[in-house]
Amino acid sequence: MIARPSNTTLGLFFRSSFWSQKVVQAPVPLSHERKLTCSNQALKNMSVIPPNDSIRKTAHVKSSEEYSLMRDRALSNPKEFWLEYAMKFQWQKPPTFDKCLSYNFDYRKGPVFVKWFEDGKTNICYNGLDRHVENGLGDKIAILWEGNDPNDTCRLTFSEVLTKVKRIAKMLENQGVRKGDCVAIYMPMVPELLMTMFACTRLGAIHSVVFGGFSASALADRIMDAGCKILVTADGTWRGSKLIELKAIASSAMSMCQEKGYSVQRCIVFQHVTAVPPKATNGINNFESKEGVRPASGLNVPMEDGRDVWWHQLISNIPENVDCPVEWINAEDPLFILYTSGSTGRPKGVVHTTGGYMVYAATTFFYSFDYHDDDIYWCTADAGWITGHSYVVYGPFLNGATSVVFEGIPTWPDPGRCWAIVDRYQVTKFYTAPTAIRTLIKAGDQYVKGHSRKSLKVLGTVGEPINVSAWLWYYNVVGNGQCSIVDTFWQTETGGHMITSLPGANSMKPGCATKPFFGVDARILSEEGEDLTQQKGVDAEGFLVFAKPWPGMMRTINRNHELFESTYFKRFPGYYVAGDGARIDKDGDFWITGRLDDMLNVSGHLISTAEVENALLLDPNVSEAAVVSRKHPLKGECLYCFVTLKDIESTGTSTGSSGGQLTPEIREKLVDIIRKRIGPFAAPDYIQSAPVLPKTRSGKIMRRILRKIANEDYTFGDTSTLLDHSCLDNLIKLSKSILK
């Protein structure tokens, strides 16, 4: 017997009566300035920006008072709160109140564990697809896919996706995939990637998605650690004008596995980049290019007899009306393994389970983006990252949302691509990373203003703290001062948003993550473990921790529970340690200051690297900045800054940058900005030019590598996530020139 909710979609489920709204006095609006003179310190005196009135009127949470009531309820009675949301879904066996939550965060009292909805049985594929089709949403568009080529598009309804998922699941089942097996997925951002994830969950199998930009070695490590016998990949993909030979990389990875005594039994290859695309459906017919379009020619697609097989050959034998019933699984059965790199050693396999993750991903999506049934939502993340899992795949599908899925990059064929897509599909909710925002800032406002963007209502940011100038550009230039900015803090390990503003409820502060999500007990601890969170009328800064479990949190590290405990729970027993520093201001809003190892103690002054980076970015010459510590015989630590400069051509003025070169005049100017904006104690000892900063494939700056360079330690450990290894030699050379 399946427990069925009474309404059709989570959009309907979560609509309920709210409390009365108080009128908030609107502050003087902030103006966008290229030469913004503002740092985290100055933000204490900055006016806040209230939600747009038109957004507030239809928001699910319409005021800070409503938010506070829901937050307090979730914290005081988490079982009742989360069980209510869990029952919005369909369960073969509904969870009970007694088994709703059990946990131990204190390793001194026994093994650390978390269990949500322990006695319930459900299936995330059923809730993301079958449920909507059965409730009359089969004809609603689920996926608006746009390929690397603007002409290369398709639209899929929920019924069409479900039909395809059933066939893919049967294909996997025919290859021996069963409940509890782990399937590796190494694919581009095509609909078949999302559908393969759902097909795995339909069978009760675990998926381990590996970002399509990872190397063969990184893929091999993940295949072996997860114990995958089946690999699903594609022939290749375009990323702008660059052709990625996915199958050739996958073949190298499988050879590496074999050299270490591990064999992949079957590799299923989806024909994508060498296939002829269907006729364009978006009305664009004037784009011509030999690079970046399908079909690609001259691609190396090695196929090993007996192991490798084409997707279309397997799927052609499966009828469209195939019956492939879901496997009902326990709420605490593993859903997926997603790898995040450590500073040393092999990557950590973060394990998420089914019930809690399902409820949390859906609920955070619904409230953080203020989702409504008529929204068109677009998250630019790749499904190979946690943002893609939670807010490209599961969160939107569980809510019955129409989503844009994009294969390409935001700067190809020109930097206006994002805004062209927004206008084409009338996107209302847009979610991207600060790195992408900074890249688009550098390209120039003309690429934004050449498109309407009037459909936009909510602009989200994810992946790292966003600096103030980028936030204001996003708000004023992209959003025309009319959108709510949702600055989300969370991690691969947390499964969903932990600290974020809600579009209709919370006022915005540039660079501030604002409030914890419902049920998230965020605290600030001192070095000694003192809880600084409740100090009234003062700012408190220290270690960000969480005192209570939330449904979407990781359960363990694959094959290494001891590492799970030592990494997240031993520093402060009884708390989950995020690994990030944070500040809570007088209003109770949280500011993420960066990783804990990016908090610098210079002559007894605790300095946030993010604050220094924000100051450096105030100079119009600087496009990117990263700040790390260097050991100092007197100060203990000193600041070592890496800056990427704009060319004269991009700034439009002659600033003495000498075509992007770091001159003594610019160094002096940058030091002066920091002294004035933060204080003389924060003046850096070293400022180095960084033509290219080392970044992960998801766009995050790898500050641990920069820290090693600053300290003349060139043993970098695990660099499998580094996008461009060639930048290291140049950074080392430049560093040696200023340290000699």
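277 is the number that the UniProt record's numbering gives to position 277 of the sequence shown; each next residue is one higher, with no gaps.
All C-beta atoms in this analysis are idealised placements derived from N, C-alpha and C, irrespective of residue type, glycine included.
- Buried versus exposed, by CB contacts within 10 Å (16 or more), His207: The residue labelled residue 207 in the question sits at position 207 within the sequence shown. Result: buried.
- Residues that Asp308 bridges to, as DSSP identifies them: By 1-based counting over the sequence shown, the position of residue 308 is 308. BP columns for Asp308 point to Cys267.
- Task: Pull up the DSSP beta-bridge partners for His207, would you.
- Result: The count along the sequence shown starts at 1 and reaches residue 207 at position 207. In DSSP, His207 forms a bridge with Val183 and Phe336.
- Message: Counting beta carbon pairs with one atom in the region 218-237 and one in the region 385-394, are three or more of them shorter than 8 angstroms?
- Response: No: the two stretches stay apart, fewer than three of their Cβ pairs being nearer than 8 angstroms.
- Message: Contact defined as beta carbons within less than 8 angstroms: I believe Phe397 pairs with Ala142. What is the distance between those atoms, to the nearest angstrom?
- Response: Counting from 1 along the sequence shown, the entry for residue 397 is found at position 397. Counting from 1 along the sequence shown, the entry for residue 142 is found at position 142. That belief holds up - the Cβ atoms of Phe397 and Ala142 are roughly 7 angstroms apart, short of 8 angstroms.
- Item | Burial state of His725 (16 or more Cβ within 10 Å) | Reading the sequence shown from its first residue, position 725 is the one you call residue 725. The residue in question, His725, is exposed, as its Cβ has fewer than 16 Cβ neighbours within 10 Å.
- Query: Counting Cβ pairs, one atom from each stretch, are 3 or more of them under 8 angstroms apart for the region 229-247 and the region 581-598?
  - Reply: no
- What is the rounded straight-line gap between the Cα of Lys164 and the Cα of Asn399? Your numbering for residue 164 matches position 164 in the sequence shown. Your numbering for residue 399 matches position 399 in the sequence shown. Taken atom to atom, the span from the alpha-carbon of Lys164 to that of Asn399 is near 19 angstroms.
- Message: In the DSSP output, what is Glu146 paired with across the bridge?
- Response: Taking the sequence shown and counting its residues from 1, the one referred to as residue 146 is at position 146. Paired residues: Thr153 and Phe406.
- Let me know the alpha helix (DSSP H) ranges lying completely inside the region 357-428, each 4 residues or longer, listed in chain order. Every unbroken stretch of the alpha helix (DSSP H) spanning 4 or more residues and falling wholly within the region 357-428 is given here in chain order: 395-398 and 417-425.
- Task: Quick one: grab the DSSP three-state call for Phe97.
- Result: In the sequence shown, the residue the question calls residue 97 occupies position 97. Coil at Phe97, not helix or strand.
- Query: So is Glu327 buried or exposed if we call it buried at 16+ other beta carbons inside 10 Å?
  - Reply: For the purposes of this step, residue 327 is identified with residue 327 of the sequence shown, where counting begins at 1. Looking at its Cβ environment, which holds 16 or more other Cβ atoms inside 10 Å, Glu327 is buried.
- Could you pull the start and end residues of the alpha helix (DSSP H) that Cys641 belongs to? Here the question's residue 641 lines up with position 641 in the sequence shown. Taken as a continuous stretch (DSSP letters only), Cys641 belongs to no alpha helix (DSSP H), being part of the beta strand (DSSP E) at Gly636 to Leu645.
- Query: Can you pull the DSSP bridge partners for Phe430?
  - Reply: Walking along the sequence shown from the start, residue 430 turns up at place 430. Its beta-bridge partners are Trp378 and Leu459.
- Inter-residue spacing [alpha-carbon to alpha-carbon] between Arg202 and Asp487: The residue you call residue 202 lines up with position 202 of the sequence shown. The residue you call residue 487 lines up with position 487 of the sequence shown. If I take the Cα positions, the gap works out to 33 angstroms.
- Task: With DSSP collapsed to three states, give me the class of Asp580.
- Result: To locate residue 580, count along the sequence shown from 1; it is residue 580. Asp580: strand per DSSP, three-state reduction.
- Identity of the residue in Arg667, Phe590 and Tyr576 nearest Asn621 by Cα: One-based indexing of the sequence shown puts residue 621 at position 621. Closest option to Asn621, Cα to Cα, is Arg667.
- Query: Would Gln688 be called buried (16 or more neighbouring beta carbons within 10 Å of its own) or exposed?
  - Reply: Your numbering for residue 688 matches position 688 in the sequence shown. It counts as buried.
- Cβ contact (3+ pairs, closer than 8 angstroms) linking the region 516-535 and the region 611-630: no
- Task: With DSSP as the reference, label Arg571 as helix, strand or coil.
- Result: The sequence position of residue 571 within the sequence shown is 571, counting from 1. Note: Arg571 maps to coil in three-state DSSP.
- Task: Determine the direct distance from the alpha carbon of Pro191 to that of residue 777, and round the result to whole angstroms.
- Result: Residue numbering for the chain in the displayed model covers 1 to 740; residue 777 lies beyond these limits and cannot be assessed.
- Message: Helix, strand or coil for Gly120? Go by DSSP, reduced to three states.
- Response: Here residue 120 refers to the residue found at position 120 when the sequence shown is read from its first residue. In the structure shown, Gly120 sits in coil (DSSP, three-state: anything other than H, G, I, E or B).
- Message: Please return the same chain residues whose Cβ sits closer than 6 angstroms to the Cβ of Asn52, not counting the five positions on each side in sequence.
- Response: Translated into positions along the sequence shown, residue 52 becomes position 52. Correct list, in chain order: Gln482.
- Where Ser608 and Arg131 are concerned, what is the direct C-alpha to C-alpha distance, given to the nearest angstrom? Counting from 1 along the sequence shown, the entry for residue 608 is found at position 608. Counting from 1 along the sequence shown, the entry for residue 131 is found at position 131. Looking at the two C-alpha atoms, the distance is approximately 47 angstroms.
- Item | In chain order, each beta strand (DSSP E) run of at least 3 residues that lies wholly inside the region 523-570 | 540-546
- Query: Just checking my contact of Glu146 with Val351 at CB under 8 angstroms: how many whole Å lie between their CB atoms?
  - Reply: Taking the first residue of the sequence shown as position 1, residue 146 is located at position 146. Taking the first residue of the sequence shown as position 1, residue 351 is located at position 351. Not quite, the Cβ-Cβ distance comes to about 33 angstroms (not below 8 angstroms), so this is no contact.
- Task: Count the other CB atoms, across all protein chains shown, that sit within 10 Å of the CB of Ser623; report buried if there are 16 or more and exposed otherwise.
- Result: Reading the sequence shown from its first residue, position 623 is the one you call residue 623. Buried, since its Cβ has 16 or more Cβ neighbours within 10 Å.
- Message: Quick check on this structure: which residue in Tyr447, Phe716, Lys290 and Ser263 has the alpha carbon closest to the alpha carbon of Gly306?
- Response: Here residue 306 corresponds to residue number 306 of the sequence shown, with the count starting at 1. The candidate whose alpha carbon is nearest that of Gly306 is Ser263.
- Task: Give the straight-line distance between the Cα atoms of Cys727 and Lys140, rounded to the nearest whole angstrom.
- Result: As a first step, residue 727 is located in the sequence shown; it is residue number 727 there, counting from the start. As a first step, residue 140 is located in the sequence shown; it is residue number 140 there, counting from the start. Cα-Cα distance, rounded: 46 angstroms.
- Hey, Leu563 and Val545: beta-carbon distance below 8 angstroms or not? Position 563 of the sequence shown holds residue 563. Position 545 of the sequence shown holds residue 545. Their beta carbons are not under 8 angstroms apart, which means Leu563 does not touch Val545 by this criterion.
- Could you give the C-beta distance for Asp152 and Arg294, rounded to a whole number, given that I count them as a contact under 8 angstroms? Start at 1 with the first residue of the sequence shown, and residue 152 comes out as number 152. Start at 1 with the first residue of the sequence shown, and residue 294 comes out as number 294. Right, their Cβ atoms sit about 6 angstroms apart.
- Task: Give a yes or no on contact between the region 431-442 and the region 469-480, applying the rule of three or more CB pairs nearer than 8 angstroms.
- Result: Counting Cβ pairs under 8 angstroms, three or more are found: they touch.
- Query: According to the neighbour-count rule (16 or more other Cβ atoms, all chains shown, within 10 Å of its Cβ), is His312 buried or exposed?
  - Reply: Sequence index remark: in the sequence shown, residue 312 carries index 312 (1-based). Answer is exposed; the Cβ neighbour count stays below 16.
- Task: Can you give me the Cβ contacts of Val422 inside the same chain, cut-off strictly under 6 angstroms, excluding the 5 residues immediately before and after it?
- Result: Mapped onto the sequence shown, residue 422 falls at position 422. Answer for Val422: Arg453, listed in chain order.
- Straight-line gap, Phe430 to Val458 (C-alpha atoms, nearest Å): Within the sequence shown, numbered from 1, the residue matching residue 430 stands at position 430. Within the sequence shown, numbered from 1, the residue matching residue 458 stands at position 458. Rounded to whole angstroms, Phe430 to Val458 spans 6 angstroms at the Cα level.
- Query: From this set, Glu304, Pro415, Trp591 and Lys509, which residue's C-alpha is nearest Phe489's C-alpha?
  - Reply: Position 489 of the sequence shown, counted from the first residue, corresponds to residue 489. When only C-alpha atoms are compared, the closest one is Trp591.
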